[in-house]
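Residue numbers (UniProt numbering): 1 to 117.
Following this line, the structure appears as structure tokens:
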């Protein structure tokens, strides 16, 4: 006779995993400081982006006798690219700052967290 192949039994653990004892969980109040530092970095990056953009667009005026001067605009790609990169980094930091604030705001005292279980 042949024996039927049996699969190993899987054990289901109904108890939730405990948070690490060393305080390395997701919800940490120090995230407010990280979000504040990112907010400062966002402001600095936006100011740098505006400054770089203004340096990247140059208006040139050529005088012509008997008419209005000819005005042309010259674009410097290195400054415009730097401005775009700074603004992109600022947007990424905005997303992370929102994430940090949400995680910091959801921090609950340990007794309240245990009472919910």
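For each residue, glycine too, the CB sits at the ideal point set by N, CA and C.
Quick caveat: nothing in here was measured; it's all calculated off a predicted structure.
If you keep only unbroken beta strand (DSSP E) runs of at least 3 residues inside the segment 57-86, you get 57-62 and 70-75.
Rounded to whole angstroms, residue 43 and residue 61 show a C-alpha spacing of 33 Å.
In this structure, the CA atom of residue 84 is about 30 Å from the CA atom of residue 104.
The DSSP-derived three-state label of residue 100 is helix. Around the Cβ of residue 36, a 10 Å sphere holds fewer than 16 other Cβ atoms; the residue is exposed. Its chain contains 57, 58, 59 and 60 as the residues whose beta carbon lies nearer than 8 Å to that of residue 73, once the 5 sequence neighbours on both sides are disregarded; these appear in chain order.
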